[in-house]
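Asks: Submitted below is the structure of interest, expressed as C-alpha cells.
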Amino acid sequence: MADSTRHAGGARPSSAPARAASDAERGKSENGDFLKIRSIDHLEFWVGNARQAAFFYSHAFGLAVTAYGGLETKMRDRASYVLQQGKVRFVLSTPLGPEGFMAEQIRLHGDGVRDIALEVEDVDRSYQETTKRGAKGVQEPTTVQDEFGSIRRASIATYGDTIHSFVDRSKYKGAFLPGYRATGEQPKPGPLLYIDHVVGNVALGDMNRFVAFYRDVMGFSQFQHFDDKDISTEYSALMSKVMADGSGKVKFPINEPAAGKKKSQIEEYLEFYRGPGVQHIALATSDICSTVAHLRDTGIQFIGVPHSYYEVLEDRVGKIDEDKGELSRLGILVDRDDEGYLLQIFSKPVEDRPTVFFEVIERKGSRGFGKGNFKALFEAIEREQALRGNL
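Dropping the structure here:
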C-alpha cells in the first residue's frame, strides 16, 4: 500500500526478524500457510520524482496510470501514481518536501522498492501471527474508507528498509485506496500478465536468516536453492534460496554474495543501494518475443550474451517452439528442466545507481529460474560492471 507510516523520532525501522521463532510458533502443519495470500497486490516504489517515473513506466513498459493521490486528493505529504497492466500494479510515490522518513530513504537508497504488498484473506490474523512469530510491526491493522468502501491494511518489516503490507480489498470498489482518485485511464491490454517473483539482495551471512524469517514467520517453504557452484564465474559468485508461499505462486528469491576474486553483482548492489533491498522484479508474459521487441523499441536496454550462446542452444535445451534466430536477435535466454522450459531476459538497471532492474519471463511448463543460463548471464552482468568500474 502507499506507506503512510511515520516512525518515532524519524528513526529507521529495524529489519526483521526480531528473534527466532519457537517450534510452537512455526505452525508447520495446518498453520503453515496461515497467510492465505491471494496475490502480490502491488509494489510501491519510493522515488525522487513520481511524475517523471510514472511517465517512464507508462511509456517504456506500457502500464496505464489508473489512479493518483496528491494535494488534489488531500494528501499533504506525498504524490503517488498507480500504474497497471494485467495483474502487474506499481505505485510510484514521492515526498512533497525534504523532511521526513520517505525523503531520508530516497536520499539513502535512491529510487527503489519500499513495499512488496500482499493481498490476504485476513489482515488481522496475518499481522498478529507474523508479529507473534517475530516480525517487527510497521503499521498495526487499520481500516481506511471512502464512498467506494473500505480497505483493511497492516504492514511488517522484512530485509533492509523493505516492508510487506497486508491488504484486504474485498470490500472496496474504488480505483486503488481511499485517498486516490481514478484518472479515467483503464489498464491497457498487453503482454505483461503478473509479477512472477521479486528478488532481494542481502549481505554476506544474512541469506539464511531471512530464509528462516520467511519460513518461520510467514509460513513459506524453500522452493529451490542455488549455491556458489551454480552461480559463479571466474571472478565472482553468489548464493540464492527461493522461498514460496503455500500456493507456490508467490516467490521471493533471497541472494547473498559469495567469496570471489572480484566484486560480485550483489556487492555492487549493496554498495550503491546502501544496504539490502529489492534487486529485480520478474514480469511474466505470454509472448516474450513480441514483448521484448516492443520494450526494446520503447527504450528498455537489456543485458546481452555472446552469439556463441545460441550456437549450442538446441543441443542444450532440445526442441522449442520459438525461432532460434529471433531469440538470438532479441537476446532472449532459454533453459529447460524436467517440467518444461522457460524463456527469460534481464534489463540493465533502470536507475542511474546500478540497483533495480527487471526480468521478463515466459514459462512453458518450467517452474525454475534458469539455472542453465546462470554462467552466461552473470558473465554478461560482469561485463556491464566492468564498464561502470565496479568489478
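Each step along the sequence shown adds one to the number in UniProt numbering, with nothing skipped, and position 82 is 82. Virtual Cβ for every residue (Gly too), placed ideally from N, Cα, C.
Using 8 Å for Cβ pairs, my map puts Glu-119 next to Arg-215. What's the rounded Cβ distance?
Replies: The Cβ separation is near 21 Å, so there is no contact.
Asks: Would you report the Cα separation of Ala-203 and Thr-285, rounded to the nearest angstrom?
Replies: So the alpha carbons of these two residues sit roughly 31 Å apart.
Asks: Please list the terminal residues of the continuous beta strand (DSSP E) segment that includes Leu-387.
Replies: Premise fails: Leu-387 lies in the alpha helix (DSSP H), 374-388, not in any beta strand (DSSP E).
Asks: Give every residue of the same chain whose Cβ lies closer than 6 Å to the Cβ of Arg-152, excluding the five residues on either side of it in the sequence, and list them in chain order.
Replies: Here the set comprises Val-123, Thr-143, Asp-168.
Asks: Under 8 Å: do the segment 175-184 and the segment 50-63 share three or more Cβ pairs, one atom per stretch?
Replies: Too few Cβ pairs lie closer than 8 Å, so no.
Asks: Per the contact definition of three or more C-beta pairs closer than 8 Å, is the segment 246-265 in contact with the segment 287-298?
Replies: No, the segment 287-298 is not in contact with the segment 246-265.
Asks: Could you tell me which uninterrupted alpha helix (DSSP H) segments, each at least 4 residues in length, are contained entirely in the UniProt domain "VOC" (194-348), listed from first to last along the chain?
Replies: The qualifying runs are 207-212, 265-273, 288-297, 308-311, 313-317, 324-330.
Asks: Looking only at C-alpha atoms, which of Asn-373, Asn-49, Asp-323 sits nearest to Ile-106?
Replies: The shortest C-alpha separation from Ile-106 is found at Asn-49.
Asks: Would you check if the distance between the CB atom of Ile-163 and the CB atom of Tyr-127 is smaller than 8 Å?
Replies: Going by C-beta atoms, Ile-163 is not nearer than 8 Å to Tyr-127.
Asks: Considering only residues of the same chain and omitting the five flanking positions on each side of Pro-349, which have a CB-CB separation below 7 Å?
Replies: Same-chain partners within the cutoff: Thr-355, Val-356, Phe-357.
Asks: Once you ignore the five residues that flank Asp-33 on each side, which residues in its own chain have a CB closer than 6 Å to its CB?
Replies: Taken in chain order, the residues that qualify are Gly-219, Gly-246.
Asks: Since Phe-210 and Ile-254 are thought to touch, with beta carbons under 8 Å apart, how far apart are those beta carbons, to the nearest angstrom?
Replies: Confirmed, Cβ separation roughly 5 Å.
Asks: Excluding five sequence neighbours on each side, which residues of the same chain lie with their C-beta closer than 7 Å to the C-beta of Val-317?
Replies: Taken in chain order, the residues that qualify are Val-334, Asp-335, Arg-336, Tyr-341.
Asks: Taking 8 Å as the threshold (C-beta atoms), are Asn-201 and Gly-277 in contact?
Replies: The answer is yes: Cβ separation under 8 Å.
Asks: Taking DSSP's pairing of strands, which residues face Phe-358 in a bridge?
Replies: DSSP, once it has assigned bridges, lists Ile-281 as partnering Phe-358.
Asks: Between which two residues does the beta strand (DSSP E) carrying Leu-118 extend?
Replies: Unbroken beta strand (DSSP E) run through Leu-118: 112-120.
Asks: I'd like to check one pair, Asp-41 with Arg-89: are the Cβ atoms closer than 8 Å?
Replies: For Arg-89 and Asp-41, yes; Cβs fall inside 8 Å.
Asks: When the Cα atoms are used, what is the spatial distance from Thr-94 to Gly-100?
Replies: Those two C-alpha atoms are separated by around 11 Å.
Asks: Ignore the nearest five residues each way along the sequence and tell me which others in Gln-224's own chain have a CB closer than 6 Å to its CB.
Replies: Closer than 6 Å at the Cβ level, and outside the excluded window around Gln-224, lie Val-242.
Asks: Would you kindly report the start and end of the unbroken alpha helix (DSSP H) that includes Val-123?
Replies: Residues 123-132.
Asks: What is the DSSP secondary structure of Leu-108, reduced to helix, strand or coil?
Replies: Helix, per DSSP.
Asks: Classify Pro-371 as helix, strand or coil using the three-state DSSP reduction.
Replies: Looking at the sequence itself, residue 371 is Lys, so the reference to Pro does not match. Reduced to three states, the DSSP call for Lys-371 is helix.
Asks: Could you spell out where the alpha helix (DSSP H) holding Phe-55 opens and where it closes?
Replies: Unbroken alpha helix (DSSP H) run through Phe-55: 50-61.
Asks: Got a sec, what are the start and stop residues for the beta strand (DSSP E) Leu-83 sits in?
Replies: Note, Leu-83: beta strand (DSSP E), 78-85.
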